[in-house]
Every structure is written in C-alpha cells, then in structure tokens.
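Asker: Numbering (our numbering), first residue to last: 100 to 494. The structure's right below; bear with me while I get my questions together.
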C-alpha cells in the first residue's frame with residue numbers, strides 16, 4: 100500500500116474554520132436559533148462594484164467570438180495587468196512588470212513560495228497569525244520552526260529574534276489582530292533580514308485598509324527591501340474578489356539566494372516554478388482586476404472599504420462601551436477582543452454562539468498566543484453590527 104506524507108501527522112490543530120462549521124451545525128440541530136450573525140470569516144459582504152462587473156462581462160462576451168478567443172493565460176499573468184499594476188501602485192518604487200506575477204490568490208503563492216527554499220531552512224512565524232503559514236511549513240517537511248510571539252505586552256507585533264533565521268512570514272495589517280506595523284518596525288525587520296541574509300514573505304492582503312500615515316503601503320518603501328523581501332498583494336479584500344480569485348506577487352530581480360557557492364536569482368526560480376505548476380488566471384478575471392485600477396472603480400471600491408472601516412469603528416467602540424478590551428480596527432477590518440473574566444477563547448466563542456447566535460473566531464485557532472482572545476470581522480453591514488452589539492449587551 101502506498102505511504103502517505105507523514106507530515107500530516109504533525110498537524111496538531113484542526114483547521115479552525117472546519118471546527119467552527121461543525122459547532123454551528125450542532126447548534127442548528129439542537130435549536131432553531133435567531134438568524135446567525137457571522138462576524139468570523141474575512142469574506143466580503145458587499146457586491147462587486149459596477150465598473151468591475153461590467154468589465155468582466157465584456158471580457159466574457161469577447162471570448163465568445165473568434166477574434167476574442169482566449170485559452171490558457173500566461174503563467175505569470177497577462178502583460179496588460181502587470182503593466183497597469185506597475186504603473187499605478189508601484190511606479191514611484193520602480194517595480195517593473197516582469198517582477199509582478201499574477202495568481203489565483205495570496206494563499207496559493209505565500210504557501211507555494213516555500214518550493215524555492217531548502218528543507219533545512221529555519222522558518223520564523225508570528226503567533227497568532229494566519230494558520231496557513233504554519234500548516235504549509237509543516238506539510239512541506241520542514242522541522243526548524245521559530246515562533247515570534249505577538250503579545251499584549253508588545254502591542255501584538257512580531258519583533259526580530261536574537262538568533263538568525265532564514266525565512267520570515269510577516270502579515271501587516273495583521274490577520275487576526277488587526278494591528279499594522281509602522282515604518283520603523285518594518286525597517287527593523289528589513290535590516291535584520293539583510294544582516295542574516297534572510298527572506299521576508301510579506302503578506303499585504305489588507306493594504307487597502309491602511310489609514311495611519313506611518314504605516315507603509317508596501318514593504319518596498321523601506322530601503323533595502325528589494326534585496327530581502329517578497330510582497331504578496333490581493334484583489335480579494337480590496338476589490339471584493341474572494342469568489343473570483345486574483346492576486347499578485349512582487350518578486351524583485353535584486354533578490355538572491357545561495358546554492359552551494361553560487362548566488363541564484365529567486366525571480367528566475369519562481370518564474371520557472373510557475374511555468375511548471377500554474378496555468379494562469381482566467382482572462383475575464385484579469386480584465387476585472389485591470390478595471391479595479393480605473394479611477395471610477397477606485398472611487399467605488401474606496402466607498403466599500405470606507406464602509407467596512409466604519410463598521411470596524413462602530414463595532415470596536417460598541418464593544419469597548421460594553422467593557423471589553425479591544426485592539427485593531429484602525430488599519431484593518433478585524434477587531435481583536437480580549438475574553439472577559441478569564442474565559443478561554445473557546446468558552447467565550449461558545450457563549451457568543453449559543454447565547455447571542457453570533458459567530459466569532461477563537462483566538463487560539465490562530466496560534467498558542469491567541470488564547471484568551473476572539474476575532475471579530477467587520478466585513479458586514481451596519482444593521483448586523485447594531486444587532487450584534489444588542490445581543491452581546493444581553494450577556
């Protein structure tokens with residue numbers, strides 16, 4: 100009988116979202132609750148903006164003609180989209196179109212990027228953070244994993260360790276804590292990576308939500324970052340593409356790694372890896388992504404982002420008024436809430452689910468140091484925020 104990948108045995112925690120679905124299903128079997136309010140998953144609550152929907156519709160109709168027929172897209176994305184991204188978001192930072200790789204989501208690229216590196220690499224991962232970083236690292240066969248505690252005492256920020264590591268996962272604005280790293284802290288990480296010849300995997304999925312003037316909109320604003328960082332950006336949260344799947348990875352040509360006594364371009368390796376393992380992103384999706392960069396679409400998208408941020412502000416203020424200790428919600432749609440009266444993450448989650456019919460996410464699902472917190476998402480509407488606060492108040 101064929102043997103399985105033994106690394107699955109090292110996955111000690113159940114994937115948090117699956118466990119939550121099981122609990123919700125159990126609740127429905129026991130009682131018929133009031134309509135559940137879902138403030139858990141980071142999914143969109145507003146429809147695709149008109150400019151983008153129309154652009155995608157035109158692209159589909161175009162493909163219904165012989166002159167507009169499209170098959171597989173380039174593995175690194177159509178040039179029209181890569182050029183547009185370079186000329187809008189990264190013109191000042193001098194990122195070139197061929198340093199941009201289009202894919203079907205950050206989750207895909209930020210886990211697959213491990214393919215480029217030795218299994219002996221030491222991987223540093225914040226805790227709490229997005230679970231896919233740790234799971235992908237374990238499943239890849241790596242055993243040298245360093246934890247970066249993000250605690251209340253350090254404002255939930257990961258700080259460089261005293262010892263050296265090779266690969267560093269960073270997410271800012273952070274999922275789940277909602278806290279963003281300022282320019283000085285990012286510069287500290289870039290300097291650490293340059294000193295130790297490490298590579299930073301910078302998850303920037305929530306860049307569109309940044310309000311604070313001291314929080315960079317790209318890690319490449321930091322001097323030296325092109326020699327040590329890969330940035331992962333997304334249309335999912337900024338433009339409502341969670342159901343469409345489109346993102347892009349920026350891998351500068353200046354980024355090198357060692358192979359025996361040679362320096363190898365990681366850009367070249369990633370291009371080769373994508374050519375072997377990716378058939379690209381559908382043409383209509385990329386046309387829709389292109390449309391997000393148009394002035395009219397930017398105005399429509401900004402209105403949606405401001406709506407989500409308004410819900411985050413209202414939710415956070417309401418929870419604070421109810422006596423809860425809250426963080427985030429300024430540069431991010433997530434609120435990181437300390438559980439009351441010493442309750443565990445799961446105890447407070449269960450209380451909110453059973454008594455308030457409100458879905459959150461237990462902080463411990465994001466890592467050991469998430470214990471004692473729950474995450475609320477502001478990807479919702481004002482009426483649901485108001486109703487959620489009224490139900491929590493009843494506790």
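Think of the CB as a built atom: it goes at the ideal place given N, C-alpha and C, for glycine as much as any other residue. Just so we're clear, the structure is a prediction, and the values are computed from it rather than from any experiment.
List the whole-angstrom C-beta distance separating residue 151 from residue 387, where the pair is believed to meet the contact cut-off of C-beta under 8 angstroms.
Answerer: Indeed they touch by this definition, with Cβ atoms about 5 angstroms apart.
Asker: Is it the case that the Cβ atoms of residue 229 and residue 259 are separated by a distance below 7 angstroms?
Answerer: No, they are not a contact pair.
Asker: In its own chain, which residues sit with a C-beta less than 7 angstroms from the C-beta of residue 473, not counting the 5 before and 5 after it?
Answerer: Excluding residues within five positions, the ones whose Cβ falls inside 7 angstroms are 436, 438, 444, 447, 448, 459, 460, 461 and 462.
Asker: List the whole-angstrom C-beta distance separating residue 185 from residue 194, where the pair is believed to meet the contact cut-off of C-beta under 8 angstroms.
Answerer: At roughly 6 angstroms, the Cβ-Cβ gap stays under 8 angstroms, so residue 185 and residue 194 are in contact.
Asker: Could you tell me the alpha carbon to alpha carbon distance between residue 367 and residue 304, rounded to whole angstroms?
Answerer: If you take the alpha carbons of residue 367 and residue 304, they lie about 24 angstroms apart.
Asker: Residue 111 to residue 483, Cα distance in whole Å?
Answerer: Going by the C-alpha atoms only, they are around 34 angstroms apart.
Asker: Where does residue 120 land, buried or exposed, given buried means 16+ other C-beta within 10 angstroms?
Answerer: Residue 120 comes out exposed.
Asker: Going by beta carbon distance, what residues of the same chain come within less than 6 angstroms of residue 383, once the five residues before and after it are set aside?
Answerer: Excluding residues within five positions, the ones whose Cβ falls inside 6 angstroms are 155, 158 and 159.
Asker: Along the chain, which unbroken stretches of the alpha helix (DSSP H) at least 4 residues long are found entirely within the stretch 374-406?
Answerer: Runs found: 382-390.
Asker: Report yes or no: do the stretch 291-300 and the stretch 169-184 share at least 3 C-beta pairs separated by less than 8 angstroms?
Answerer: In short, these stretches do not touch, since the Cβ pair count stays below three.
Asker: Just grab the DSSP bridge partners of residue 259 for me.
Answerer: Residue 259 pairs with nothing; no bridge assigned.
Asker: Suppose you measure from the CA of residue 370 to the CA of residue 332; what does that come to, to the nearest Å?
Answerer: When rounded, the distance between both Cα atoms is 17 angstroms.
Asker: Can you name the residues that DSSP bridges to residue 427?
Answerer: 434.
Asker: Who pairs with residue 473 in a beta bridge, going by DSSP?
Answerer: According to DSSP, residue 473 bridges with 436 and 461.
Asker: According to DSSP, simplified to helix, strand and coil, what is residue 329?
Answerer: Residue 329 falls in the strand class under three-state DSSP.
Asker: Secondary structure at residue 162, three-state DSSP: helix, strand or coil?
Answerer: Here residue 162 sits in coil by DSSP.
Asker: What is the rounded straight-line gap between the Cα of residue 453 and the Cα of residue 434?
Answerer: For residue 453 and residue 434, the distance between alpha carbons rounds to 21 angstroms.
Asker: Helix, strand or coil for residue 351, going by three-state DSSP, please let me know.
Answerer: Correct three-state label for residue 351: coil.
Asker: Looking at the structure shown, is residue 270 part of a helix, part of a strand, or coil, going by DSSP?
Answerer: Reduced to three states, the DSSP call for residue 270 is strand.
Asker: Could you check whether the stretch 324-339 touches the stretch 387-405, counting it as contact only if at least three pairs of C-beta atoms, one from each stretch, sit closer than 8 angstroms?
Answerer: Enough Cβ pairs lie closer than 8 angstroms, so yes.
Asker: What residue does the alpha helix (DSSP H) around residue 182 start on, and which one ends it?
Answerer: Residue 182 -> alpha helix (DSSP H) spans 178-187.
Asker: Apart from the five residues just before and just after residue 432, which ones in its own chain have a Cβ nearer than 8 angstroms to its Cβ?
Answerer: Once the five neighbours on either side are set aside, the close Cβ partners of residue 432 are 141, 277, 305, 308, 336, 407, 408, 410, 411, 476, 477 and 478.
Asker: Within the continuous beta strand (DSSP E) that includes residue 234, where are the two ends?
Answerer: Segment 230-238 is the alpha helix (DSSP H) holding residue 234; no beta strand (DSSP E) there.
Asker: Note the first and the last residue of the continuous beta strand (DSSP E) segment covering residue 246.
Answerer: Residue 246 -> beta strand (DSSP E) spans 244-248.
Asker: The alpha helix (DSSP H) that contains residue 302, what's its start and end?
Answerer: No alpha helix (DSSP H) contains residue 302, which is instead part of the beta strand (DSSP E) from 298-302.
Asker: Helix, strand or coil for residue 356, going by three-state DSSP, please let me know.
Answerer: DSSP places residue 356 in strand when its eight states are reduced to three.
Asker: Return yes when the Cβ of residue 315 is within less than 7 angstroms of the Cβ of residue 269, no when it is not.
Answerer: Not closer than 7 angstroms, so no.
Asker: If we ignore side chains and look at the alpha-carbon of each, how far apart do residue 144 and residue 480 end up?
Answerer: Answer to the nearest angstrom: the Cα atoms are 7 angstroms apart.
Asker: Note down the Cα distance separating residue 326 from residue 252, rounded to an integer number of angstroms.
Answerer: C-alpha separation (whole angstroms): 31 angstroms.
Asker: By Cβ distance below 6 angstroms, which residues in the same chain neighbour residue 471 in space, the five residues on each side in sequence not counted?
Answerer: Excluding residues within five positions, the ones whose Cβ falls inside 6 angstroms are 438.
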